[in-house]
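K.L.:
Heads up, this note's numbering is the position in the sequence shown plus 92, with the first residue counted as 1. Quick reminder that beta carbons are idealized off the backbone N, C-alpha and C, glycines included. Questions regarding the structure given below will be posed in turn.
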Amino acid sequence: MAVDKKSRYASAPRIPWIRADGSRVELIGMTPRPQRAAIFAATATDTDRLDTLAARYYRDPLKLWRIADASDAMDPFDAIQPGTPVPIPPDK
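Put into structure tokens, the structure is as follows:
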């Protein structure tokens with residue numbers, strides 16, 4: 093799996109794994125979740141996803157992790173519920 097060199101996962105340990113079919117893969121080890129305080133909340137629409145919000149506010153859809161990190165309840169793979177506020181942290 094390719095990881096952006098600016099990602100906090102870029103320096104995370106890699107764990108070798110053998111799938112049931114015998115193929116080898118590398119898993120990315122866990123890293124601490126940084127504390128990110130939101131500067132405002134965007135109300136999600138029915139077409140919003142974390143990557144579309146990151147593209148809108150940071151001009152980079154790969155920064156979706158910043159938005160996920162700003163909410164203790166949000167995982168980057170969760171679906172956003174329309175009408176709910178989504179915390180948006182600063183881009184730094």
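1. Helix, strand or coil for residue 158, going by three-state DSSP, please let me know.
2. Helix or strand or just coil, what does DSSP make of residue 179?
3. Go ahead and pull the three-state DSSP assignment for residue 174.
4. Does the separation of the CB atoms of residue 172 and residue 140 fall below 8 Å?
5. Straight-line CA distance for residue 144 to residue 128?
P.N.:
So, to answer that:
1. helix
2. strand
3. coil
4. yes
5. 19 Å
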